[in-house]
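Here the sequence shown is numbered in full-length UniProt numbering, starting from 1 and rising by one per residue. Don't be surprised by glycine CBs; every beta carbon is placed ideally from N, CA and C.
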Amino acid sequence: MRPPPEPAVAGLPVRWRPRALPLEPVAVAGVGPVALALGQRASRAGDAVLASWTGVAGPDVLVLLGASDSLPWVDGAVYLGRDPLAPALLLPCALEPDVAPSLLERALLAGRGHAPLAVLPGTGVLVSVAAAQPVARASLMAWLTPPEAAS
1 MRPPPEPAVA
11 GLPVRWRPRA
21 LPLEPVAVAG
31 VGPVALALGQ
41 RASRAGDAVL
51 ASWTGVAGPD
61 VLVLLGASDS
71 LPWVDGAVYL
81 GRDPLAPALL
91 LPCALEPDVA
101 PSLLERALLA
111 GRGHAPLAVL
121 PGTGVLVSVA
131 AAQPVARASL
141 MAWLTPPEAA
151 S
(Lines of atoms letter the chains of each structure in order from A and count residues from 1; the text may use other names and numbers.)
(Lines give C-alpha, C1' and ligand atoms only; values in the text may rest on other atoms or scores of the structure.)
Protein backbone atom coordinates (compact mmCIF):
# COMPACT_ATOMS: atom_id res chain seq x y z
CA MET A 1 0.00 0.00 0.00
CA ARG A 2 1.36 3.43 -0.96
CA PRO A 3 1.53 6.26 1.58
CA PRO A 4 -0.90 9.11 0.89
CA PRO A 5 0.56 11.84 -1.35
CA GLU A 6 2.07 14.82 0.42
CA PRO A 7 0.30 18.15 -0.05
CA ALA A 8 1.85 20.25 -2.80
CA VAL A 9 3.51 23.44 -1.59
CA ALA A 10 2.19 26.35 -3.67
CA GLY A 11 1.20 23.84 -6.34
CA LEU A 12 4.65 22.24 -6.51
CA PRO A 13 4.76 18.49 -5.83
CA VAL A 14 7.75 18.28 -3.49
CA ARG A 15 8.60 15.28 -1.34
CA TRP A 16 10.29 15.76 2.00
CA ARG A 17 12.76 13.56 3.84
CA PRO A 18 14.50 13.76 7.22
CA ARG A 19 17.49 16.12 7.37
CA ALA A 20 20.82 14.62 8.33
CA LEU A 21 21.59 17.75 10.38
CA PRO A 22 18.59 19.74 11.64
CA LEU A 23 18.49 23.48 11.05
CA GLU A 24 18.62 25.90 13.97
CA PRO A 25 15.04 27.11 14.63
CA VAL A 26 14.33 30.77 13.87
CA ALA A 27 10.53 30.48 13.70
CA VAL A 28 7.58 28.33 14.69
CA ALA A 29 4.35 28.00 12.71
CA GLY A 30 0.96 26.44 13.05
CA VAL A 31 -2.06 25.99 10.79
CA GLY A 32 -5.64 25.38 11.92
CA PRO A 33 -6.01 24.08 15.48
CA VAL A 34 -2.22 24.09 15.89
CA ALA A 35 -2.15 27.82 15.08
CA LEU A 36 -4.76 28.42 17.77
CA ALA A 37 -2.79 26.35 20.31
CA LEU A 38 0.38 28.23 19.35
CA GLY A 39 -1.36 31.58 19.82
CA GLN A 40 -2.75 30.50 23.20
CA ARG A 41 0.67 29.29 24.34
CA ALA A 42 2.33 32.50 23.10
CA SER A 43 -0.24 34.61 24.97
CA ARG A 44 1.07 33.13 28.24
CA ALA A 45 4.63 34.32 27.55
CA GLY A 46 6.06 37.13 29.63
CA ASP A 47 6.11 40.63 28.21
CA ALA A 48 9.87 40.59 27.54
CA VAL A 49 9.68 37.29 25.64
CA LEU A 50 6.61 38.41 23.69
CA ALA A 51 8.37 41.65 22.75
CA SER A 52 11.36 39.67 21.44
CA TRP A 53 9.24 37.96 18.75
CA THR A 54 7.95 39.16 15.43
CA GLY A 55 5.12 37.45 13.63
CA VAL A 56 2.46 37.23 10.98
CA ALA A 57 -1.04 35.81 11.27
CA GLY A 58 -3.91 34.99 8.98
CA PRO A 59 -7.36 33.50 9.46
CA ASP A 60 -5.97 30.01 10.04
CA VAL A 61 -2.19 30.43 10.36
CA LEU A 62 0.32 31.88 12.82
CA VAL A 63 4.09 32.25 12.37
CA LEU A 64 6.31 33.55 15.18
CA LEU A 65 9.96 34.45 14.60
CA GLY A 66 12.56 34.76 17.31
CA ALA A 67 15.53 33.25 19.08
CA SER A 68 15.34 29.45 19.11
CA ASP A 69 15.42 29.16 22.89
CA SER A 70 12.50 31.58 23.26
CA LEU A 71 10.09 30.02 20.76
CA PRO A 72 7.06 28.36 22.36
CA TRP A 73 6.62 24.60 22.21
CA VAL A 74 3.31 23.34 20.83
CA ASP A 75 2.58 19.77 19.75
CA GLY A 76 2.17 19.67 15.96
CA ALA A 77 3.85 23.03 15.31
CA VAL A 78 6.48 23.27 12.58
CA TYR A 79 9.84 24.68 13.65
CA LEU A 80 11.55 26.49 10.79
CA GLY A 81 15.15 27.39 10.05
CA ARG A 82 17.27 28.88 7.29
CA ASP A 83 19.08 26.59 4.89
CA PRO A 84 22.16 28.39 3.51
CA LEU A 85 21.30 26.94 0.09
CA ALA A 86 17.88 28.68 0.14
CA PRO A 87 18.23 31.71 2.43
CA ALA A 88 14.94 33.30 1.27
CA LEU A 89 12.96 30.34 2.63
CA LEU A 90 12.19 29.24 6.17
CA LEU A 91 12.20 25.46 5.89
CA PRO A 92 11.28 22.77 8.43
CA CYS A 93 14.22 22.19 10.76
CA ALA A 94 13.91 18.41 10.59
CA LEU A 95 12.98 17.97 6.90
CA GLU A 96 14.60 18.76 3.58
CA PRO A 97 13.10 18.79 0.10
CA ASP A 98 13.98 16.04 -2.36
CA VAL A 99 15.03 18.73 -4.86
CA ALA A 100 17.91 21.18 -4.55
CA PRO A 101 16.85 23.82 -2.01
CA SER A 102 18.02 26.59 -4.34
CA LEU A 103 15.71 25.32 -7.10
CA LEU A 104 12.79 25.12 -4.68
CA GLU A 105 13.55 28.65 -3.55
CA ARG A 106 13.60 29.96 -7.11
CA ALA A 107 10.33 28.21 -7.97
CA LEU A 108 8.53 29.41 -4.84
CA LEU A 109 9.69 33.01 -5.20
CA ALA A 110 8.56 33.24 -8.84
CA GLY A 111 5.63 35.61 -8.40
CA ARG A 112 4.38 34.17 -5.11
CA GLY A 113 5.05 36.85 -2.55
CA HIS A 114 7.89 38.49 -0.80
CA ALA A 115 10.78 36.72 0.88
CA PRO A 116 11.30 35.28 3.30
CA LEU A 117 8.67 32.61 2.80
CA ALA A 118 7.76 30.07 5.49
CA VAL A 119 7.24 26.65 3.88
CA LEU A 120 4.85 24.31 5.74
CA PRO A 121 4.94 21.01 3.85
CA GLY A 122 2.49 19.03 5.99
CA THR A 123 -0.33 21.36 5.00
CA GLY A 124 1.04 22.73 1.73
CA VAL A 125 0.85 26.27 3.13
CA LEU A 126 3.31 28.98 2.06
CA VAL A 127 3.42 32.17 4.16
CA SER A 128 5.32 35.37 3.45
CA VAL A 129 6.89 36.64 6.65
CA ALA A 130 8.28 39.77 4.97
CA ALA A 131 5.71 41.90 6.80
CA ALA A 132 6.38 40.36 10.22
CA GLN A 133 5.71 42.87 12.99
CA PRO A 134 6.64 42.89 16.67
CA VAL A 135 4.15 40.74 18.58
CA ALA A 136 1.87 42.86 20.73
CA ARG A 137 -0.22 41.13 23.36
CA ALA A 138 -3.34 43.12 22.36
CA SER A 139 -2.98 42.07 18.70
CA LEU A 140 -2.40 38.46 19.66
CA MET A 141 -5.46 38.43 21.92
CA ALA A 142 -7.56 40.02 19.15
CA TRP A 143 -6.38 37.30 16.72
CA LEU A 144 -7.31 34.63 19.26
CA THR A 145 -10.83 36.05 19.73
CA PRO A 146 -13.28 34.51 17.23
CA PRO A 147 -15.04 37.17 15.09
CA GLU A 148 -18.49 36.21 16.43
CA ALA A 149 -17.22 36.64 20.03
CA ALA A 150 -15.89 40.11 19.23
CA SER A 151 -19.33 41.48 18.23
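Proximal residues to residue i (C-beta, below 7 Å), its chain only, five neighbours per side dropped
{"i": "Ala110", "result": "none"}
{"i": "Ala67", "result": "Ser52"}
Test item: CB-CB of residue i and residue j under 8 Å
{"i": "Leu95", "j": "Pro72", "result": "no"}
{"i": "Thr54", "j": "Val119", "result": "no"}
{"i": "Val63", "j": "Val34", "result": "no"}
Outcome for residue i when other beta-carbon atoms lying within 10 angstroms are tallied against a minimum of 16
{"i": "Leu21", "result": "exposed"}
{"i": "Pro121", "result": "buried"}
{"i": "Ala130", "result": "exposed"}
Separation of residue j from residue i, as counted between CA atoms
{"i": "Pro3", "j": "Ala48", "result": "Note on Pro3: pLDDT 42, under 50, position unreliable in the model; no value is reported."}
{"i": "Ala57", "j": "Leu126", "result": "12 Å"}
{"i": "Arg41", "j": "Leu140", "result": "11 Å"}
{"i": "Ala29", "j": "Leu108", "result": "18 Å"}
{"i": "Thr123", "j": "Ala77", "result": "11 Å"}
{"i": "Gly32", "j": "Ala88", "result": "24 Å"}
{"i": "Trp143", "j": "Pro18", "result": "33 Å"}
8 Å Cβ shell around residue i - same chain, five flanking residues per side excluded
{"i": "Ala86", "result": "Pro101, Ser102, Leu104 and Glu105"}
Ranges of the beta strand (DSSP E) found wholly within the UniProt domain "MoxR-vWA-beta-propeller ternary system" (14-140), counting only runs of at least 3: 16-18, 27-31, 54-58, 61-65, 78-83, 86-92, 95-97, 117-120 and 125-128
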